[in-house]
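Residue numbers (the numbering used here): 940 to 1360.
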């Protein structure tokens, strides 16, 4: 029969046991006795997460009165024993049981910012689910459209597996970070769907084709397009128009030389621009100087980089000198176009250059009417009691003189005036 004193002892033991089981380590920042090694602790009754100063994460699960983490080498475990709510010790159970004790003590509890960040991390998984839905929803509605399938990189989709799977294994078996594991699962799910869509699995015209046939076709198409973005980044702005300018410039003297063809093909190949075959000899179409000037102006209207525009001057000169013979037509065109580009560069830098303004001075009313019929919408200016018509502004004296000659041959008094623009 149990005596009264024995009952009291038993009650005290039971109460002590209950309190011992309810010890929970405080979350916060801990350091060792030398205050050199710092550890961040996130604690609950069933598990304790440690983040070391080098960024490594450890997770301990409760077993009886201790917390344990199995070693990857399967030669024992790392143990965590609670001393009190604010102190614990680590030991390594290898060949020599419970060796290498290290004790850590709480020195700082998590602040408000840490709690906010912890909440955001917890909610990130739910946000990721919503994000996954929104991304997939836009593509899913259009999965049967071939253009949509072709616009998705199958290589990028497949790389999603190589990135997501290792992170999933790490989160599940090493760090025990289950929210991160959930995000990895979502990423793998997205990789699966993007792979199927990008290979045209849902496209109606691909019905009947096997899975691996579709996969190989998609990879082949990706290979052909893999350098398109890089080429576009290396290709100067307006590269297609530059090739067209060089092509028309080559035909301005009514003779296309082999050296000119080689130069055009070199740059077209470098910039990955497909152009029709250019044949040596007489061109199919003789270049109209006015049309070529308009093409150069349209290129400059696209506001290319100043350095690229300056490089175009070198290209134009190279084209003119490619066959070791510069005709009068080429010299005049080169002078005008380099002047146009020089004006553009000067404007971009806030400067000015000399140019030539061609004007027609009618000698009577009949000539004035003739000019208006010849050049509709031409600008007229009243000067010194008379009327003059401004044909245009040109950038080389030779080109301006050629324009003057055109109207002088029609019996109109025409002159060029040097101006600053």
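Note that CB positions come from ideal geometry on N, CA and C, so glycine has one too.
Quick one: residues in its chain with C-beta nearer than 7 Å to the C-beta of residue 1145, no 5 flanking neighbours on either side, listed in chain order? 1139, 1153.
On the criterion of 16 or more Cβ atoms from any shown chain inside 10 Å, does residue 1131 qualify as buried, or is it exposed? Exposed is the call here.
Based on the DSSP output, what are the partners of residue 1195 in its beta bridges? According to DSSP, which records beta bridges pairwise, residue 1195 is partnered with 1220.
Burial state of residue 1122 (16 or more Cβ within 10 Å): Burial call: buried.
Mind reading off the beta-carbon distance from residue 1063 to residue 1105? Whole number of angstroms is fine, and I expect it under 8 Å. So it is not a contact: roughly 20 Å between Cβ atoms.
Inspect the beta-carbon positions of residue 965 and residue 982 and report whether they are closer than 8 Å. Yes. Within cutoff.
Just to confirm, is the Cβ distance from residue 1282 to residue 1182 under 8 Å? Their beta carbons are not under 8 Å apart, which means residue 1282 does not touch residue 1182 by this criterion.
Over the uninterrupted alpha helix (DSSP H) stretch that includes residue 1283, give me the two end residues. Residues 1267–1287.
Using DSSP with H/G/I as helix, E/B as strand and the rest coil, what is residue 1349? Three-state result, residue 1349: coil.
Thinking C-beta only, is residue 1198 closer than 8 Å to residue 1293? No, the Cβ-Cβ distance between residue 1293 and residue 1198 is not below 8 Å.
Between the alpha carbons of residue 1342 and residue 1329, how many angstroms are there, rounded? Cα-Cα distance, rounded: 12 Å.
Between 1015, 1009, 994, 1030, which has its C-alpha nearest residue 1021's C-alpha? That would be 1030, whose Cα lies nearest to the Cα of residue 1021.
Where are the alpha helix (DSSP H) runs, 4 residues long or more, that stay fully inside the region 948–1024, in chain order? Entirely contained in the region 948–1024, not one alpha helix (DSSP H) run reaches 4 residues.
Are the Cβ atoms of residue 962 and residue 1032 separated by less than 8 Å? Inclusion of residue 962 and residue 1032 in the CB contact set at 8 Å is not warranted, their separation being larger than that value.
From residue 997 to residue 1080, what distance separates their C-alpha atoms? The alpha-carbon atoms of residue 997 and residue 1080 are separated by roughly 43 Å.
Terminal residues of the continuous alpha helix (DSSP H) containing residue 1240? Note, residue 1240: alpha helix (DSSP H), 1228–1240.
Less than 8 Å between the C-beta atoms of residue 1216 and residue 1245, yes or no? Taking 8 Å as the Cβ cut-off, residue 1216 and residue 1245 do not qualify as a contacting pair.
Residue environment, residue 1353, which counts as buried when at least 16 other CB atoms sit within 10 Å: By the neighbour-count rule (16 or more Cβ atoms within 10 Å), residue 1353 is buried.
By a C-beta neighbour count over all protein chains shown, 10 Å radius and 16 as the cutoff for buried, is residue 1172 buried or exposed? Note that residue 1172 has pLDDT 46, beneath the 50 cutoff, so the model's placement of it is unreliable and no number is given.
Which one or two residues does DSSP pair with residue 1333 in a beta bridge? DSSP output for residue 1333 lists 1295 as bridge partner(s).
Straight-line gap, residue 1223 to residue 1274 (C-alpha atoms, nearest Å): Rounded to whole angstroms, residue 1223 to residue 1274 spans 25 Å at the Cα level.
Pop quiz: residue 1136 and residue 1094 are said to be a contact at Cβ under 8 Å. What is the actual Cβ separation, rounded to whole angstroms? The beta-carbon separation of residue 1136 and residue 1094, rounded to 14 Å, does not stay under the 8 Å limit for a contact.
At the level of alpha carbons, what is the spacing between residue 1349 and residue 1306? So the alpha carbons of these two residues sit roughly 10 Å apart.
Mapping the DSSP letters down to three states, classify residue 1325 as helix, strand or coil. Residue 1325 falls in the strand class under three-state DSSP.
Just curious, the beta strand (DSSP E) that residue 1030 is in, first and last residue? Residues 1026–1032.
If you draw a straight line from the alpha carbon of residue 1178 to that of residue 1150, how long is it in whole angstroms? Near 40 Å, if we compare the C-alpha coordinates of residue 1150 and residue 1178.
Enumerate in chain order the residues of its own chain whose CB-to-CB distance from residue 1269 is below 8 Å, with the five nearest sequence positions on each side excluded. Correct list, in chain order: 1188, 1191, 1192, 1259.
Thinking C-beta only, is residue 1319 closer than 8 Å to residue 1327? Yes, these two residues count as a Cβ contact at 8 Å.
List the endpoints of the continuous alpha helix (DSSP H) containing residue 1257. Per DSSP, residue 1257 is one residue of the alpha helix (DSSP H) stretching across 1245–1260.
Per-residue burial, residue 1098 [other beta carbons within 10 Å of its own, 16 or more giving buried]: Exposed, because fewer than 16 other Cβ atoms sit within 10 Å of the Cβ of residue 1098.
Any beta carbon of chain B sitting closer than 8 Å to that of residue 1274? Judged by its chain identifiers, the structure shown contains no chain B, having just a single protein chain.
Considering only residues of the same chain and omitting the five flanking positions on each side of residue 1158, which have a CB-CB separation below 8 Å? Result list for residue 1158: 1093, 1094, in chain order.
Assign residue 1203 to buried or exposed, taking buried as 16 or more other Cβ atoms, counted over all protein chains shown, within 10 Å of its Cβ. By the 16-neighbour rule on beta-carbons within 10 angstroms, residue 1203 is buried.
When DSSP labels each residue in this structure, what does residue 1342 get in the three-state scheme? It is helical.
Can you give me the C-alpha to C-alpha distance between residue 1221 and residue 1194, rounded to a whole angstrom? Their Cα atoms are separated by approximately 5 Å.
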